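Worksheet: one structure, shown below.
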Amino acid sequence: MEMGLSEDDRKKLVSAVLASDDFSLKLRRNSLDLVVEAIRDSEVMKRFAGDPVFFSALILGIRHTPYQTKFLTSSSKRIVLRWPRQSGKTHSLAAYAIWYATTHPKTTTLIVAPSQRQSMMVNEDVQNLIDGAPRRIRSALLRLRTRTTNHFRNGSKIVALPNSENLLRGYTAHLIILDEAAFFRNDEEIFQYILTPMLATTGGKMIVSSTPWGKNTQFYRINLDPGWEVHHVTWRDARDAGIYKPEGLSEVERVRTSLPLTYLTEYEAEFAEEVDTWLNQDLLAASCGDVEYLPFNRPQEGEFYAGVDLGESQDYSAIAVIRRRGDGADLVHMYQFPIGTSLAATIGYLKILGQRWRRIQTTYVDQTKQGPYIIRDMQEAGAPNPIGVNFTVQNKQEMAQILRQRLAEGRLTLPYDRGLLDELNAIQYQPTKTGHIQLDHPRGTHDDRFWALALAAYAAEKNPPPHTPRAATTQGRNNTPSNPYI
Numbered sequence: 000m001e002m003g004l005s006e007d008d009r010k011k012l013v014s015a016v017l018a019s020d021d022f023s024l025k026l027r028r029n030s031l032d033l034v035v036e037a038i039r040d041s042e043v044m045k046r047f048a049g050d051p052v053f054f055s056a057l058i059l060g061i062r063h064t065p066y067q068t069k070f071l072t073s074s075s076k077r078i079v080l081r082w083p084r085q086s087g088k089t090h091s092l093a094a095y096a097i098w099y100a101t102t103h104p105k106t107t108t109l110i111v112a113p114s115q116r117q118s119m120m121v122n123e124d125v126q127n128l129i130d131g132a133p134r135r136i137r138s139a140l141l142r143l144r145t146r147t148t149n150h151f152r153n154g155s156k157i158v159a160l161p162n163s164e165n166l167l168r169g170y171t172a173h174l175i176i177l178d179e180a181a182f183f184r185n186d187e188e189i190f191q192y193i194l195t196p197m198l199a200t201t202g203g204k205m206i207v208s209s210t211p212w213g214k215n216t217q218f219y220r221i222n223l224d225p226g227w228e229v230h231h232v233t234w235r236d237a238r239d240a241g242i243y244k245p246e247g248l249s250e251v252e253r254v255r256t257s258l259p260l261t262y263l264t265e266y267e268a269e270f271a272e273e274v275d276t277w278l279n280q281d282l283l284a285a286s287c288g289d290v291e292y293l294p295f296n297r298p299q300e301g302e303f304y305a306g307v308d309l310g311e312s313q314d315y316s317a318i319a320v321i322r323r324r325g326d327g328a329d330l331v332h333m334y335q336f337p338i339g340t341s342l343a344a345t346i347g348y349l350k351i352l353g354q355r356w357r358r359i360q361t362t363y364v365d366q367t368k369q370g371p372y373i374i375r376d377m378q379e380a381g382a383p384n385p386i387g388v389n390f391t392v393q394n395k396q397e398m399a400q401i402l403r404q405r406l407a408e409g410r411l412t413l414p415y416d417r418g419l420l421d422e423l424n425a426i427q428y429q430p431t432k433t434g435h436i437q438l439d440h441p442r443g444t445h446d447d448r449f450w451a452l453a454l455a456a457y458a459a460e461k462n463p464p465p466h467t468p469r470a471a472t473t474q475g476r477n478n479t480p481s482n483p484y485i
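FYI, the numbering for the sequence shown is 0 to 485, going by numbering that gives the first Met the number 0.
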C-alpha cells in the first residue's frame, strides 16, 4: 500500500533511519509500510551494501548483541566463531548469508554442515528470516525457494549442503559458511582440496563455526592459525548481552557442577583435555558422516542389526539399528524412550520396526535385569529375531571394544547427533584388579544409547554374512586409539 508521504516527510524518515539502528528496528517491528518507503532512498541502499547490522535491523527485524555485531562487521576473509550453546550463532550466520546474497549480486553462498539435516537447519533459519520481512521486500528479494536452495532475484543463491566430497565438488563459491566444522569427516582433505580452491578465483570469504570438539581436527588447527580471525565468546558474554534467561543460567550451573567436560566445551567454548574417556572427541568427530536417521514406521531396505538396552522406571530404554554397508555399517536409527515407558510399549515399537524393516537379521537385547522371559515375550509379540545378552564385566568389555574399534577403523559411521555424541563421549573406563576394564558414566548422564549401539555392533559382529570373516578386536591398527586394555 502506498503511504503517500510528502518529499519532506520522506527525507525526515530516511534521516531518522540512517541515524539510528534502534529507530530502524522499531520501524521494522511497527510499520512495515514505512520500511518500504525508506528503502526507496539511494542512501539507505548504499548503507545496506556495507552494513549488515543496519540491514538486519531494518529488513530482518534483528537486534544483534555486541559480539554478534563484531562478527558481522568484520572485514576479515577468514573468520572462526567459537561461541557457546544458545548464543545466537545460527541466527547470526543466517542473517549474514541473507545480507551477503542481497548486496552481492550473482554470488553463491554455501552452507556446509556435517549432515544435510544440519545444513538445512541453518537454511531454515535463512528462510524464516526472509519470511518475516515485509511481503513486498520478500518478493523483491527471493525468486525461487527449494528444500536446499534459495534463489535471489539478483542472481545470487544460498545452497545448503552436507560435508560430502561428491556433492561439494564443482561449486565456485563467494561465501562459505561451515557449521559444526569440528565434526567434518576427512576435514583436512575437505578444507585443503575442496573448500579453499572454491574461493581461489573469487577471493571469497570463509566463516568456520563449531563447538570445540577434539584437538586432532582442522577446526582446532585454524583456531591457532594467525591467518584466521577468531571470535571466542563464552556464556558470560551471552549472559551480559541478555541472551541467557534465568532458566538458561540455571542450566549452565547444573552442567558446570555435574558435567565439567561438557561445561568447558559447550559454555566456555574451550578445547578440553579428556581423561579416561572411552570414546574420545577426536574419534567421534572422525566417525561422523553424511548419514541420516531413518523413520521407524516407513519400509526400509537393507541388512539391519538392532540393539536394545532396557531401562527400568528410573532409566531410559533405547533401541539402536545399524545397516551393513560393504565391509562397514551406518547407524540409521536411534530411539530413546521416555523414562517410565513400559516394556510392552518398547516391545511394540520393536515389533513395528521389524514389520516395516523386514531384514533385521537379529536383535541383541540386554536381558540382565528382566531375565529370559523378556526374550520370550518379544518372540511371541513378533519382534525381529531377539537374542538375550546377560551383561558381565567381560562381555561388556568385549562389546565396548568392538564398538570402539569399528569406529576407529572407519567401519561404523554415525550421524551428526550432538545428544548422542555427548552421551558416547561421557562414558569413562578404569582398570579392575582382575585385568578387565570397568565402564561407567558420570552422575547426571546416561549410558542407554551407548549400550544399545554397542549391542547392535555386537550383533553385526557375531552374525556376519556368509563367507565374511569376523574382524579381530585386538590392537594393532594405526588409527585405533591407544589403550592398554585393547
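Even glycine gets a Cβ: it sits at the ideal position worked out from N, Cα and C. These numbers were taken from a predicted model, which means no experiment stands behind them.
Under the three-state DSSP convention, the category residue i falls into
i    : result
T108 : strand
S208 : strand
A344 : helix
D186 : helix
R77  : strand
V13  : helix
R62  : coil
P430 : strand
D314 : coil
V364 : strand
Y170 : coil
R238 : helix
F151 : strand
A37  : helix
T72  : coil
D21  : helix
H231 : strand
K214 : coil
P385 : strand
L278 : coil
Q191 : helix
D439 : strand
D446 : coil
D8   : helix
DSSP bridge partner residues for residue i (one or two, in chain order)
i    : result
P161 : A112
F303 : R322, I359
Q335 : A317
L248 : The partner list for L248 (beta bridge, DSSP) is empty, contrary to what the question assumes.
L177 : V111, V207
A328 : R323, L411
K156 : T107, H150
D308 : A317
Range covered by the alpha helix (DSSP H) that runs through residue i
i    : result
Y262 : 259 to 265
R410 : From DSSP, R410 is part of no alpha helix (DSSP H); its letter is neither H nor E.
D421 : 417 to 425
Y372 : 372 to 380
W98  : 88 to 102
F54  : 51 to 54
Test item: CB-CB of residue i and residue j under 8 Å
i    : j    : result
T277 : Y428 : For clarity, residue 277 is Trp in the given sequence; the question names Thr instead. Contact: yes.
L411 : R405 : yes
A172 : V125 : no
M119 : T147 : yes
I157 : A199 : no
V331 : Y363 : no
P83  : T233 : yes
F151 : L160 : no
L386 : T367 : Position check: residue 386 holds Ile in this sequence, whereas Leu was assumed. For I386 and T367, no; Cβs fall outside 8 Å.
A162 : R144 : First, the residue type needs correcting, since residue 162 is Asn and not Ala in the sequence shown. Not a contact, by the Cβ cut-off of 8 Å.
V121 : A132 : no
Nearest neighbour of residue i, chosen from the options [CA to CA]
i    : options                : result
A181 : T340, A284, L423       : A284
P430 : G387, L402, Q396, D447 : Q396
R9   : R28, K25, V43          : V43
N424 : G409, T433, H445, H435 : H445
G202 : K244, T107, Q117, V121 : T107
I110 : N149, T64, K11, T433   : N149
Y66  : R46, G87, G409, L166   : G87
L177 : R184, E188, Y192, M205 : M205
L4   : K25, E460, V34, D281   : V34
R168 : T391, M377, I189, V307 : I189
L419 : A343, H63, Q191, I318  : I318
E273 : P259, V388, G310, W98  : P259
E408 : G226, T102, S286, G154 : S286
G434 : L352, E422, V392       : V392
V229 : D329, L128, D275, I78  : I78
Residue i CB to nearest heavy atom of the ligand SAH below 7 Å
i    : result
A159 : Absent from the structure shown: the ligand SAH. Ligands present: none.
Range covered by the beta strand (DSSP E) that runs through residue i
i    : result
R142 : 141 to 144
CB contact check: residue i to chain B, cutoff 8 Å
i    : result
H445 : Although the question refers to chain B, the structure presented lacks it and comprises just one protein chain.
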